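These notes concern the structure reproduced below.
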Amino acid sequence: MGASAARSSDPEDLYQDDVFPWFHLIQWSAESATSNRVFRYDIAGAQQAARALTRDAGTFLQVCPNELPQDSGFSMDDDTNFAEWAGALLEWNSELRFVRFRLVPRRLTEEAFWSRYFAALRKSIQDLLFQETSSDEEPDAPDEAPGHAQVLPEVGNT
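Mapped onto UniProt numbering, the consecutive letters of the sequence shown carry residue numbers 1 to 158.
Right, here's the structure in full:
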């Protein structure tokens with residue numbers, strides 16, 4: 001009785017729980033963004049990026065070559081966000097479960113597997129979040145700004 005009352009009184013908390021761990025993964029990925037950066041919480045895009053990392057063991061090894069930096073605070077100890085995120089991701093994605101089963105411990109340690117996975121996932125989410133917003137964020141930039149020559153039409157230059 002008490003638990004159901006608590007659940008129904010906090011609808012905003014339920015949304016974050018429904019999309020766990022995506023909200024947190026996107027936040028973590030955005031930590032290194034420069035100031036004045038705006039991005040959208042593209043949960044579907046983040047999920048698609050995550051699925052692309054684990055189509056099979058070969059794909060994982062190719063697209064997840066590097067571990068997180070030593071100073072990242074990464075640890076798979078039970079009391080860390082990484083361990084909690086990993087558990088949720090394993091429940092969410094059967095391909096991730098299969099790839100992990102194939103690679104750990106035969107080719108990689110548990111720590112190395114997850115460090116490589118989270119490094120690639122973070123990079124994929126950053127690419128997704130900031131690639132889309134960079135063109136929206138700088139529409140008034142001069143034509144000679146890097147990357148804008150392909151986007152802006154050449155109207156009135158004749």
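Ideal Cβ positions, reconstructed from N, Cα and C, are used throughout, including at glycine.
If you're wondering where the values come from, they're calculated on a predicted model, not measured in any experiment.
- Contact between L129 and A50 is ruled out by a C-beta separation of about 13 Å, above the 8 Å threshold.
- The Cβ atoms of R116 and E67 lie closer than 8 Å to each other.
- Put simply, of T109, K123 and D127 the residue whose alpha carbon is nearest the alpha carbon of S75 is T109.
- Assignment of N81 by DSSP, reduced to helix, strand and coil, places it in the helix class.
- Cα atoms of E95 and A46: separation of roughly 16 Å, rounded to the nearest angstrom.
- Rounded to whole angstroms, F60 and L121 show a C-alpha spacing of 11 Å.
- In the structure shown, the three-state DSSP call for S94 is helix.
- Burial state of S32 is exposed, judged by a 10 Å Cβ sphere holding fewer than 16 other Cβ atoms.
- Considering only N93, D71 and W85, the residue with the shortest C-alpha distance to W22 is W85.
- Taken in chain order, the complete alpha helix (DSSP H) segments of 4 residues or longer contained in the stretch 10-59 are 11-18, 22-30 and 43-53.
- DSSP places F130 inside the alpha helix (DSSP H), whose first and last residues are E110 to E137.
- Taking C-beta atoms as the reference points, V104 and F113 count as a pair closer than 8 Å.
- In the displayed model, R100 falls within a helix according to three-state DSSP.
- Burial check for S72: the Cβ neighbour count within 10 Å stays below 16, so the residue is exposed.
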